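Single-structure report; data block below.
Residue numbers (the working numbering), protein chains in the order written: chain S, 292 to 694; chain U, 6 to 484.
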């Protein structure tokens, strides 16, 4: 099989990338290992999607549906239930599906494989290894797609957005949520979720606390929670035992990049695919967007970045070349940052997270400055910087200068 | 003649398989839901070369021999071994002396091709080792395997040769006539028998007590482990031991057979009433990190996939306790199978069947004419040449549906694992490596639950992770 653009992953980023590449005149194949397009949106049955992109509030499946409908009307070849086994530098990918194992030859790739959840095993929490410990996404899929209850009494570790959304969801379905526990001294998710998912349901949020032991020979029986000090070390004597049969983890997403292991470079901080502002990776024929580049708060932004990467992948497939651009580096107080190179011509949309909560700070990029208040690491900053503010630099430093 | 083997760990399973060469009515009784889930499941998975077992011990008698037998065994039973060799590394002159002693001991124990490598050679072969190393004892016959797979393979082969497997039954007593056992009694059934082989792992002393036979008291020695992702699997190429102390081989760094990196074990002796305490601890995990960092400073713990704990059966003698009982005439003990129990197991199985049963007890065993020594493992479809894979998918579309992405396991392999006896998530995991990778089942465990549900014609709420009480989902959200 041959195609101009091969899009790997049909979640929010991939669907947008495929549609945009097709709109720019390329032949496109969109591959997903799931049975349908939409990715994780399909299991996010809560609302809050689309406020920026569609200017209306949609559920995850509704948001996905808008794009699947467009895909159906398009000439894009959608391959579901199809796993990309390998990608090689000669611009070929080996695809595996129940319909066959076959090679696809392409001119460019948009890699939109999303993220995976950090598993329980990676946390090195001492104790037993019982059943009843779920990552939030798995819990969500059991509840929302498979129609299954995962327990009767639950504790949630990590106050990321999915964790808080699952706290609400479990409560609504009659599962008692005894607490949400967060290691940081502030919530790991959006403020609106703290209010709408926890406070509205009287679910306590324990900050500066973590799970120090899980107990249960077969099914989970007890979770021990302790407060932590500034270095996140548990403080002896502060342990509290919660009798629960379920532990839900919302402890972070990791960009899913292993397929590109030997092809592109990765961002040391986000661990995602290192990209320029046109979504181009360090291999010029591979573009990337979405959570495989940096973990976003909002799907709307994922869609926008997917569209951009799709457009440039199509232009590349048609023979256009793009300059490498200048490096964008993290300065003072800046944690994750996207993109990491700037190709002039386009305005620059930067996404970043501060390393810590800051009351007042000025974001400085090139000749651009903007003041921010109440900055939280959990709330991603997105800002569009006009290209004329960025001329005359050989590298751009992104800083949050505290006032 | 009826023979009952108690315990389907690697020792019991290999004995069963060895006995399945003969005209016998064989039954193996296992208290867990699957085979190889006790001591066998959580250890360092090493085929030891045999240099560090005291001369004259049972360990020394069986280790190098067992190690050698693994080549043929792995071919017949189609499980993977990799002879990647091992290094014992020394950081000081005192440790260098210990290594020289091990070298001599190894020669007496019959360990082939031992060499002492100087710093330069050592760092050439293992560039990520600490630059402070002085020298290392190289044992090329040392290797790695998947211990549970040895048990699974042996059991499957024994079953194809007529043996019967009883799972989820605990032996609670024996019916005797004089000094003979005539029945093995479990919590659910009883089994007539002419001969009992006690390979009950950590609980073998308790089984022997029930039989009123000789035993050595067993206590669990806790060993905690950290498993790192495949991405850093090639940090070392061989098994790296520190210089051993009197009590333990120390905390090691080694590749796993599926490409990960395993660090551990700790060695903490627990009281004999803690045989079910599979808890990891802060102290243990911290110790592993600090000790292994001294061996391999570049270890990246952010690549941790999981941490776990295994218990190994230790006795005061620190040696295997193997032999026919003098008090019970048809009872054989194979207990205290501490390290190198996995390595020694094939040699012990041969020893039990030939020297104990036939020579010592004088039982005449007649070989089956149709004994089939071969068993085929579940084919790893992703490793097939492309054309063969394409052909296979035409016949079996499930061979083209990836279920576990991290370790690239297809639906066809999951279905085959269930056909071969997997009834739980862990049963599938240990047979296929699905859910073993970096996402730890985040993407595939639900799919596997659905395949189990479909293939076993049951409801998801009936499917457990590893034991009857380890349920995963409960009722429905909406009826």
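Every residue, glycine too, gets a C-beta built ideally from N, C-alpha and C. In this text, all values refer to a predicted model and were calculated from it rather than measured experimentally.
In chain U, no part has a C-beta under 8 Å from the C-beta of residue 402 of chain S; the shortest such distance is about 15 Å.
With fewer than 16 other Cβ atoms inside 10 Å of its own Cβ, residue 383 of chain S counts as exposed.
With a cut-off of 8 Å on Cβ pairs, the region 322 to 339 of chain U is in contact with the region 213 to 222 of chain U, counting three or more such pairs.
Assignment of beta-bridge partners to residue 146 of chain U by DSSP yields no partner.
Counting C-beta atoms within 10 angstroms of its own C-beta, residue 118 of chain U has fewer than 16 neighbours from the protein chains shown and is therefore classed as exposed. Listed along the chain, the chain U residues whose CB falls inside 9 Å of the CB of residue 410 of chain S are 310, 311, 443, 444, 445, 446 and 447.
In this chain, residue 692 of chain S is not harboured by any alpha helix (DSSP H); it is covered by the beta strand (DSSP E) spanning 687 to 693. Neighbours of residue 441 of chain S in chain U, taken as residues whose beta carbon is under 9 Å from its own, are 477, 478 and 479 in chain order.
Taking 9 Å as the cut-off between beta carbons, none of the residues of the region 326 to 355 of chain S comes near chain U.
Between residue 466 of chain U and residue 297 of chain S, the alpha-carbon positions lie close to 40 Å from each other. Cβ proximity to chain S below 8 Å picks out nothing from the region 110 to 126 of chain U.
The beta-carbon of residue 372 of chain S is placed less than 9 Å from the nearest beta-carbon of chain U. Relative to residue 414 of chain S, the option among U:443, U:468, U:359 and U:449 whose CA is nearest is U:443. The continuous alpha helix (DSSP H) containing residue 157 of chain U extends over residues 152 to 165. A Cβ of chain S is located within less than 9 Å of the beta carbon of residue 231 of chain U. Assignment of residue 68 of chain U by DSSP, reduced to helix, strand and coil, places it in the helix class. Exposure of residue 366 of chain S is indicated by the presence of fewer than 16 other C-beta atoms within 10 angstroms of its C-beta. Going by beta carbons, residue 200 of chain U and residue 51 of chain U fall outside the 9 Å limit.
In the DSSP assignment, residue 671 of chain S falls outside any beta strand (DSSP E) and carries neither an H nor an E. In the structure shown, the three-state DSSP call for residue 536 of chain S is coil. DSSP, reduced to helix, strand and coil, places residue 468 of chain U outside both helices and strands of the structure shown, so it counts as coil.
Across the set U:277, U:322 and U:249, the C-alpha of U:277 shows the shortest separation from the C-alpha of residue 211 of chain U. By the rule that beta-carbons nearer than 9 Å mark a contact, residue 472 of chain U touches chain S. Cβ atoms of residue 135 of chain U and residue 302 of chain U come within 8 Å of each other, at about 6 Å. DSSP places residue 259 of chain U in the strand class (E or B) of the three-state scheme. Shown here for residue 374 of chain S: same chain residues with a beta carbon closer than 6 Å to its own, the five before and five after excluded, namely 324 and 387 in chain order. Shortest Cα-Cα distance from residue 613 of chain S to any of S:597, S:636 and S:625 involves S:636. With its beta carbon less than 9 Å from one in chain U, residue 433 of chain S belongs to the interface.
Counting along the chain, the unbroken beta strand (DSSP E) around residue 377 of chain S starts and ends at 374 to 379. Pairwise C-beta distances place the region 320 to 340 of chain S out of contact with the region 620 to 636 of chain S, as fewer than three of them are shorter than 8 Å. For the C-beta of residue 457 of chain S, not a single chain U residue is nearer than 7 Å; the gap to the nearest is close to 13 Å. Straight across, the Cα-Cα distance linking residue 675 of chain S with residue 457 of chain S is about 32 Å. Sequence-distant Cβ neighbours of residue 30 of chain U in its own chain, meaning closer than 6 Å and more than five residues away, are 7. The distance from the Cβ of residue 482 of chain U to that of residue 440 of chain S is about 6 Å, consistent with a contact at the 8 Å cut-off.
For residue 324 of chain S, a Cβ of chain U is located within less than 9 Å of the residue's own Cβ.
Secondary structure remark: continuous beta strand (DSSP E) runs of at least 3 residues inside the region 164 to 206 of chain U, in chain order: 169 to 171, 176 to 182, 185 to 191, 195 to 197 and 200 to 203.
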